[in-house]
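With the first letter of the sequence shown counted as 1, position 362 gets the number 865 in our numbering; the numbers rise by one all the way through. Positions of the beta carbon are idealized from the N, C-alpha and C atoms, including for glycine. The structure presented is a predicted model; accordingly, all values stated were derived computationally and were not measured. Taking it in order: structure first as structure tokens, then the write-up.
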Amino acid sequence: MKRFHSSLILLSLIGTLFSSCYKDKGNYDLRPVDVLNIEPVTYNQDNYSLSQLDSLKINPRMTFTGDSTQLEYSWKLIPQRARTGDTTIKKISSEKNLMYVVQVPIGLYTVLLEVKDVKSSVIRSSSYGLNVKAKASQGFLVLNEKAGGIQDIDVILNNTKPEIFWGAFSANNTISLREATGMTMIQSAANASGLLYVFRKTGGYTLLPSFGFLQDIRAWFFDAQSAYAPSVIYQDFFGTNNYLINNGSVHSTTSISAPLMFSYRASGDYKATKSLIMSTYVFVYDDLNHRFLKYNKSAGKMQSIIKNPADAFDVENIGNKSCLLFDHNMASTTSPGAANFGSLKPLAYCKDNQTGKVFLYKFGFYKSLATYCESVKEVTAPGFSTATAYVNASNNPLTYYASENKIYAYDFTNDAARVVYTFDQTNVSIDQLMTNGTQLFAVVNNKSGNSGAVFFFTINPTGSFAGGTYFSKYENFGKITEVKYKYNTLNPAIPWK
């Protein structure tokens, strides 16, 4: 027993020894953590509703008990359907207060603010809803080439104000635009908001009114085509007459629903270049056989224009000529009818491929609306045969054309031309003219560089330009391919042509 008692005392001494040697290694250096709070905002998809190019401004309310210089800010813009890691999620600012010019496709977004206390690594966040709406619902679409051969569509929103929506196409698409040759906005009673068709050398796109991609050119046809080279697309006011010229062939469809799908190719031996389309009337110049043809929609083929005793020229053979312009002398929406059959005159300017001479072929309509060949005469106006742009006036017997750095008004009744404007620069090419009857615009590109400008003129009753000069000018574009006007909805006003 005594032995057991001695052992117990020994164990107690050993325990005391170990406990006296043990050191507490815990961290009891307690310091207060700075408190960071962001005033909560009730999330709503329309917390902010802005148009493209508008400025998004958010000044978050927050409190922080520490040194505010130790805070890091991160603002991110997240599309509604984005997932973690998506490249569509963009960091848009590292400042406390957000100031961001909205340059993203239309749609719904979340704006995420994250604030980090660098010292403690504590992060607080807040979210805001953003509804981005289309900016350029109406205006002049400027198709032009940027650096590296990439094209874009910039928009002159109002030709009496300086604002331009730069990059309407690139802001609403992830694809790049290349080799575009032109574009047309199609609107009708069946689709008042319309669709934008972009033509390319070997293809094309259908765009929504907001400029977002809708479909490739292959969706324009019921059957696959041997080549895709669109040049004209047309739909009348009611949407019942729809035509497309692709690779020199005329196509039509009976469907009025957007987007259009063309199923009929007009049969025949022809190559349509210039055309004049007026509702049910489709006239083309056949560059293959140097003749004028009409499209018989019910028969689905190209046919000769009916010959009449009053014909002043052979409509089926005008010789080896190329067509420079095929248009009429009224607003672009005009079509033959009982009220205008005597005044509506289709006009075709054709250039002899051997002599270089230009001839004006004028058509007329009988009261029955049958066509006849009214007259043909040589055009002797200076620079007409080598002009870079042509357009017929909408309300007087004039054809405007551009030669070198000058714009002329040609009186086709009297074969007389006069200069209506001369640009100061000589190293320029005037590549497009369009008019709506009261105004005219000119696309002017620099010959030695990748730059272009658009000039707007007011037309007075004599056909000259008011004040002898332009009323507005827009520049800093790349080389301009084409300018077209886009309405935000179906507009019965006199359109541009």
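Nearest neighbour of G952 by Cα position, chosen from G981, V861, V605 and A683, turns out to be G981. Listed in chain order, the non-local C-beta contacts of A693 below 8 Å within the same chain comprise F741, G742, I759, S760 and A761, local neighbours out to five positions each way being set aside.
Judged by DSSP in its simplified three-state form, T929 adopts coil rather than helix or strand. Shown here, G610 sits in a strand according to DSSP, grouped into three states.
If you compare the alpha carbons of I626, N749, K777 and K619 with that of H831, the shortest gap goes to K777.
The beta carbon of D657 is closer than 7 Å to those of V645, N647, I667, F668, W669, G670, A671 and F980 in its chain, skipping five residues each way along the sequence.
Q573 carries a helical assignment under DSSP once its states are collapsed to helix, strand and coil. Rounded to whole angstroms, M833 and T965 show a C-alpha spacing of 16 Å. DSSP places N792 outside both helix and strand once states are collapsed to three, so it counts as coil. In the DSSP annotation of this structure, P535 is not part of any beta strand (DSSP E), being labelled neither H nor E.
Contact between the stretch 968-980 and the stretch 917-924 is present: 3 or more CB-CB pairs across the two stretches fall below 8 Å. Annotation for I581: I592, Y612, T613 and L615 place their beta carbon closer than 7 Å to its own, counting only its chain and skipping 5 residues before and after. By the criterion of a C-beta distance shorter than 6 Å, K594 is surrounded in its chain by K579, once the five residues flanking it on both sides are discounted. Bridge pairing for E907: absent [DSSP]. If you check the CB distance, A884 and Y903 do not come in under 8 Å. For M688, the beta-bridge partners assigned by DSSP are L699. Cβ contact annotation for Q942 (same chain, cutoff 7 Å, sequence separation greater than five): F959, F960, T961 and I962, in chain order.
Excluding sequence positions up to five before and after K865, its CB lies within less than 6 Å of the CB of K848, L850, E877 and S878, all in the same chain and listed in chain order. In this structure, L574 sits away from K636, with a CB-CB distance that is not shorter than 8 Å. When C-alpha distances from S597 are compared across Y576, V607 and G610, the shortest belongs to Y576.
Just so you know, the alpha carbons of T874 and S807 end up roughly 11 Å apart.
In the DSSP assignment, G706 falls within the unbroken beta strand (DSSP E) covering G706 to L710. Ranking G706, V946, K704 and M686 by CA distance to the CA of L698 puts M686 first. For F960, the enclosing beta strand (DSSP E) covers residues G955 to T961. Between the C-alpha atoms of T858 and V931 there is a straight-line separation of about 26 Å. Here the C-alpha atom of V785 lies approximately 5 Å from the C-alpha atom of Y798. Counting only runs of 3+ residues, the beta strand (DSSP E) found wholly inside the stretch 643-687 occupies 654-659, in chain order. The residue among G771, S623, W723 and Y737 with its C-alpha nearest the C-alpha of T836 is Y737. In the displayed model, W578 falls within a strand according to three-state DSSP. Residue pairing for M805: DSSP places it in a beta bridge opposite Y798. Spatial neighbours of V861 in its own chain (CB-CB distance under 8 Å, excluding positions within 5 residues in sequence) are listed in chain order as L827, Y852, C853, K854, D855, E881, V882, F887 and S888.
Note on F714: 16 or more other CB atoms within 10 angstroms of its CB, so buried under the neighbour-count rule. Collapsing the DSSP output to three states places G971 in a helix. In this chain, the beta strand (DSSP E) harbouring E985 covers K982 to K989. For M565, the enclosing beta strand (DSSP E) covers residues M565 to F567. In the same chain as S630, and ignoring 5 residues on each side of it, the C-beta atoms closer than 6 Å to its own belong to Y546, T613 and L615, in chain order.
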